[in-house]
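Below is one structure; the comments refer to it alone.
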Amino acid sequence: MRIDVLTLFPEFIAQAAGVGVVGRASERGLMAVKSWNPRDFATGNYRRVDERPFGGGPGMVMLPEPLEAALAAARADGAVGPVVYLSPQGPRLTQAKARALAASPGFVLLCGRYEGVDERFIQSFVDEELSIGDYVLSGGELGAAVVIDAVGRLLDGALNDAASAVQDSFEDGLLDCPHFTRSEGLGTQGVPEVLLSGDHAKIATWRRQQSLGRTWLRRPDLLARMDLSKRDRRLLEEFIARQGSGSINP
Ligand code: 9WO
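So the sequence shown is residues 25 to 274, counted in the working numbering.
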């Protein structure tokens with residue numbers, strides 16, 4: 025997997041992509057993240073990357089020429105795949121989208137700054153826009169970091185335990201179940217009995233029920249779009265029945 029990033033803040037991307045599971049994925053050669061700074065491709069004494077907008081108004085807009093030159097350099101270096109512009113105007117990043125990106129040979133992330141990118145560059149070079157949520161940031165770098173993280177951890181061999189990716193929140197459209205450490209200090213206080221039972225089938229069933237129940241409580245919109253099995257429906261009904269019946273572990 026090859027990820028190229030057009031950004032005025034390559035250090036930010038390097039930091040974000042250099043730690044944890046995703047950092048290890050890079051070390052293992054599963055992916056290569058390369059940043060390209062339009063500043064390095066800007067011309068003139070001042071190496072300008074921004075300019076005042078036509079039509080007036082406050083703020084500056086990213087010039088298309090340094091971006092085009094940065095993208096050309098990335099392509100010449102082997103950058104592959106679509107150019108993705110991180111922007112609140114795009115469709116939302118989902119786990120399904122992260123999976124699709126992880127299955128591709130690569131992509132190029134465009135990080136805007138200031139008031140945005142000259143629309144002509146977007147029209148000519150951007151293949152898709154992607155939002156990480158309905159809020160305005162000061163630039164696209166945090167969005168790029170989110171995409172790199174969500175995609176990087178899905179690459180084959182990135183996680184030490186292949187099973188943990190499957191067990192994750194959202195991998196089956198449900199929220200995660202609660203987790204409890206074997207903490208020395210706290211002992212087993214407040215830990216559900218079943219987790220201490222050693223009965224792995226019972227534990228798996230409890231976790232599934234907690235996932236279903238939490239999704240029902242916190243993200244009913246996710247459940248509404250799912251087609252639950254008979255067993256899942258029974259587990260959820262049991263969870264709901266226990267709700268408000270004085271159970272200490274809803
Ligand atoms: C500013 C703004 C102000 C009022 C109403 C809408 C607005 N949108 C923007 C805006 O998009 N500013 C940008 C700052 C310009 C390009 C980069 N910036 C950015 C990207 N802010 N937030 C993102 C972003 C990216 C991905 N997902 C969520 C937010």
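A virtual CB, placed ideally from N, CA and C, is assigned to each residue, including glycine. On a predicted model such as this, the values are computed, not experimentally measured, just so you know.
Kindly give me the distance between the Cβ atoms of residue i and residue j, rounded to whole angstroms, as I take these residues to be in contact under 8 angstroms.
i: Leu-259; j: Leu-236; result: 6 angstroms
i: Val-132; j: Ala-103; result: 5 angstroms
i: Cys-135; j: Leu-252; result: With a Cβ gap of about 39 angstroms, Cys-135 and Leu-252 do not count as contacting.
i: Leu-95; j: Asp-74; result: About 17 angstroms; that fails the 8 angstroms criterion.
i: Ser-59; j: Ala-38; result: 7 angstroms
i: Arg-238; j: Leu-199; result: 5 angstroms
i: Ala-98; j: Asp-28; result: 4 angstroms
i: Leu-32; j: Pro-62; result: 6 angstroms
i: Val-218; j: Lys-226; result: 6 angstroms
i: Val-45; j: Ile-172; result: At roughly 11 angstroms, the Cβ-Cβ gap does not stay under 8 angstroms, so Val-45 and Ile-172 are not in contact.
Pull the bridge partners of residue i from the DSSP assignment, please.
i: Ile-27; result: Val-57, Phe-131
i: Arg-275; result: For residue 275 there is no data in the structure shown, the boundaries of the chain being 25 and 274.
i: Val-85; result: Glu-75
i: Val-141; result: Met-86
Under a three-way DSSP split, which group does residue i fall into?
i: Leu-110; result: strand
i: Thr-229; result: helix
i: Glu-262; result: helix
i: Glu-208; result: coil
i: Val-150; result: coil
i: Asp-101; result: coil
i: Thr-239; result: helix
i: Glu-217; result: helix
i: Gln-39; result: helix
i: Arg-257; result: helix
i: Ser-50; result: helix
i: His-203; result: coil
i: Asp-64; result: helix
i: Val-160; result: coil
i: Glu-165; result: helix
i: Arg-177; result: coil
I'd like to check one pair, residue j with residue i: are the Cβ atoms closer than 8 angstroms?
i: Leu-110; j: Ala-168; result: yes
i: Ala-49; j: Ala-182; result: yes
i: Val-57; j: Leu-117; result: no
i: Tyr-54; j: Met-84; result: It should be noted that the sequence gives Leu, not Tyr, for residue 54. No; because the gap between Cβ atoms is not below 8 angstroms, this pair is not in contact.
i: Gln-286; j: Glu-153; result: Absent from the model: residue 286. The displayed extent of the chain is 25 to 274, so no value can be given.
i: Ala-10; j: Leu-179; result: Examination of residue 10 is not possible in this model, given that the chain is present from 25 through 274 alone.
i: Val-108; j: Asp-158; result: no
i: Glu-262; j: Gln-233; result: yes
i: Gly-164; j: Gly-130; result: no
i: Leu-246; j: Gly-197; result: yes
Is there a C-beta anywhere in chain C that falls below 8 angstroms from the one on residue i?
i: Val-46; result: You won't find chain C in this structure, because it holds only one protein chain.
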